[in-house]
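Below: the structure, in structure tokens.
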Amino acid sequence: MKRYDAVIVGSGAAGAVMAYRLSSKGMSVLVLERGKREDPATFEHNEMEMLPRVYKNGGLQTTADLDLAIMQGCTVGGSTVVNNAIWLRADLDRLLPDWKARGADLDRARIEAAYTDLESKLRVSQIPMALANNGTSVFLRGCEALGIPARLLAHNRDECIGCGWCNYGCRYNRKTSMLVTFIPWAESHGAEVIDQCRDVRLTRRGSTIAEVSYHRLGVTETVAADRVVMCAGAIGSSDLLLRSDITQRGNVGRHFHALGGVMVTAEMPGEVDAYDKIGLTCVADVSEECVVETFFSPPGAFSITLGGWFAAHYDRMHRYTRFTQAGVMVGTDPTGRITIDRKGRTKIDLSFSKRDLDRIKKGVGTLAGIFFAAGALSVLPSTYRFIELTNPSDIHLIDEQVQHADDLLLGSAHPQGGNVICEDPSKGVVDTSFRVHGVDNLFVVDASVFPSNLWANCQATVMALSHVASDHVAA
Ligand SMILES: Cc1cc2nc3c(=O)[nH]c(=O)nc-3n(C[C@H](O)[C@H](O)[C@H](O)COP(=O)(O)OP(=O)(O)OC[C@H]3O[C@@H](n4cnc5c(N)ncnc54)[C@H](O)[C@@H]3O)c2cc1C
Ligand code: SF4
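FYI, in my numbering the residues of the sequence shown are 116 to 590.
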């Protein structure tokens, strides 16, 4: 049986950084990825073709109650291949004391050093206004009129041409996703990356993982490793541990949470053509209770978030070029759970609490105000019932018509938790060196280890923690 210094499961933000850092220390590394390796030159500007190619479950992953759509990438490079390339450091002043109180006391200086190193390697810079879609100036104008601080975000793109198709992979190699950076860099140090691996299973003997097996194109392979590092993402890593009978006294799958929310569309008096250039560009400091970011997407994804039914929806879509959009997100409490149901299916339980819903509604109201202040003719929140606000005095309709989570079309691209860090083995899955309690050679290093919500786009912090964790794993 072939033996490696490290087997890494998952090749996204965490897995790619881990693979590079371990292989550059001279270790033999095998990366097992469930998705297919794609050639960026074949990425099409065609949503129907790309969704099943690069998204987990073809983009149809939801919570068990169907209230929340959860988007994740499933391809070599993971979600970084389909993400919006926004680079946001977490607010460590707020986050680290909260994590410490939950039993996860992490070294701030090491995380900050990791951010800095990654920012240089991934060519992080501020999004230039010239590449921001035209909805950006509408949004900034509205924020300025209301005295709400707003700013362009930083991103990891290099010589982007602003085609606006980031969520389906960059065919021009301008987004510095893991597919075109840390994965090939790891390979140049000797790492092996195997795609299309199904049914990865860990075999535990005593306090070590003795073997890792997987199916690939009809053949079962088994390898051994001195270290196994789970980087299959939130949901994926919990799912795989549970299927390998590693439950950690029921803690695997617990404390799942998400940063998610709803889109709000505004119709402007003239053509905006927000479709051109980068879709996600700005954040506004609306309140500490929600995150408000601009967004715009190609027509398929846009139509899902637009709201309205049948003829009303058809009529709205005809005005696609006049719309601009932004989203309101909240970080849920870590009360969700990943389990395997009696039919062997992955079950994701997560409910938005009344407090979450109230925060979203308040954020939607503020966002509607921003759009009206910028001159919007109407504001269309993404609701189950048809709501069209035509002036600021209509904003109260949101409160009246939205009573339950399923009155909104909720989505998240930032699932977190499920294998949280906590020094107390009765409460968490991994310790502060990212090692699974009681298993000498098993680590978890992805978004599933976050003890509580980041309240920010996650990739920078996932990569930074993987950077820090790689030293523990190598040691
Ligand atoms: C559409 C979209 C837009 C986003 N935009 C941004 C953004 O602009 N900025 C930002 O900061 N964040 C963004 N994110 C989130 C960010 O990309 C993720 O938080 C981050 O990539 C998570 O890293 P990860 O390593 O935990 O998981 P991923 O990057 O998702 O990697 C996990 C990998 O593991 C693989 N895997 C899962 N299960 C198995 C298994 N059983 N066996 C083998 N392999 C497995 C998956 O296929 C995947 O490749 C976005 C996400 C999406 C989906
Ligand atoms: S907007 Fe830029 S980074 Fe995104 S897909 Fe187009 S060229 Fe690539």
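From the three backbone atoms N, C-alpha and C, an ideal C-beta is built for every residue, glycine too.
Ligand 1 and residue i: does the residue's C-beta get closer than 6 Å to at least one heavy atom of that ligand?
i: G351; result: yes
i: I201; result: yes
i: C346; result: yes
i: Q187; result: yes
i: G218; result: no
i: E386; result: no
i: N572; result: yes
i: L504; result: no
i: N198; result: yes
i: D232; result: no
i: V577; result: yes
i: D561; result: yes
What residue does the beta strand (DSSP E) around residue i start on, and which one ends it?
i: S527; result: L525 to G533
i: V327; result: T323 to R331
i: A402; result: One detail in the question is off: residue 402 reads as Ser in this sequence, not Ala. Start and end: C397 to S402.
i: S240; result: V239 to Q241
i: V146; result: V144 to L147
i: D341; result: V334 to M345
i: M186; result: Counting along the chain, M186 falls outside any beta strand (DSSP E), and DSSP gives it neither H nor E.
i: R500; result: Segment: none, R500 is in no beta strand (DSSP E) and carries neither H nor E.
i: R266; result: A265 to L267
i: G451; result: G451 to I455
i: F558; result: L557 to V559
i: T461; result: T461 to D464
Could you have a look at residue i and say whether DSSP puts it in helix, strand or coil?
i: L492; result: coil
i: Q363; result: coil
i: A219; result: coil
i: D546; result: coil
i: A381; result: strand
i: I309; result: strand
i: I597; result: In the structure as shown, the chain starts at 116 and stops at 590, and residue 597 therefore has no counterpart that could be examined.
i: Y287; result: coil
i: E153; result: coil
i: T439; result: strand
i: F487; result: helix
i: R209; result: helix
i: F371; result: strand
i: D232; result: helix
i: S405; result: This sequence places Cys at residue 405; Ser is not what is there. C405: strand per DSSP, three-state reduction.
i: V122; result: strand
i: V445; result: strand
i: T195; result: helix
Does ligand 2 have a heavy atom nearer than 6 Å to the CB of residue i?
i: I393; result: yes
i: Y287; result: yes
i: I276; result: yes
i: K290; result: yes
i: R272; result: yes
i: C281; result: yes
Would you call residue i buried or exposed, if buried means 16 or more other Cβ atoms sit within 10 Å of its Cβ?
i: M163; result: exposed
i: A128; result: buried
i: T335; result: exposed
i: S581; result: buried
i: G284; result: buried
i: K290; result: buried
i: A224; result: exposed
i: T439; result: buried
i: F467; result: buried
i: L210; result: buried
i: I240; result: Strictly speaking, residue 240 in this sequence is Ser, with Ile absent from that position. By the 10 Å Cβ count, S240 comes out exposed.
i: D546; result: buried
i: H372; result: buried
If I follow the unbroken alpha helix (DSSP H) through residue i, where does it start and stop?
i: A579; result: Q574 to A589
i: L357; result: G351 to R358
i: Q516; result: H511 to Q516
i: L166; result: E162 to V169
i: A131; result: A128 to S138
i: A426; result: F425 to M432
i: G250; result: G250 to L261
i: T91; result: Past the boundaries of the shown model lies residue 91; the chain is included only from 116 to 590, so the question cannot be answered.
message = Using 8 Å as the cut-off, can you tell me whether the region 324-340 makes contact with the region 522-541, which would need three or more C-beta pairs spanning the two stretches below that distance?
response = Because the criterion of three Cβ pairs below 8 Å is not met, the region 324-340 and the region 522-541 do not touch.
query = Are the region 367-382 and the region 438-456 touching by the rule of at least three beta carbon pairs closer than 8 Å?
reply = Under the three-pair Cβ rule at 8 Å, the region 367-382 counts as touching the region 438-456.
inquiry  = Tell me whether the region 151-159 and the region 186-205 touch, counting them as touching only if at least three CB pairs, one residue from each stretch, are closer than 8 Å.
reply    = yes
key: Sufficient close CB pairs (3 or more, under 8 Å) joining the region 410-417 to the region 278-289   = yes
inquiry  = Does the structure place the region 425-437 close enough to the region 473-483 that three or more beta carbon pairs sit under 8 Å?
reply    = no
ask   = Would you say the region 206-214 touches the region 478-497, given that touching needs at least three Cβ pairs under 8 Å?
value = Cβ pair count under 8 Å is below three, so no.
task = May I ask you to verify whether the region 172-187 touches the region 257-272, counting CB pairs closer than 8 Å and requiring at least 3?
result = Touching, no, given that fewer than three Cβ pairs across the two stretches are closer than 8 Å.
task = Would you be able to state if there are at least three C-beta pairs under 8 Å between the region 344-353 and the region 394-402?
result = no
ask   = Can we say the region 569-579 touches the region 121-135, given the rule of at least three CB pairs closer than 8 Å?
value = yes
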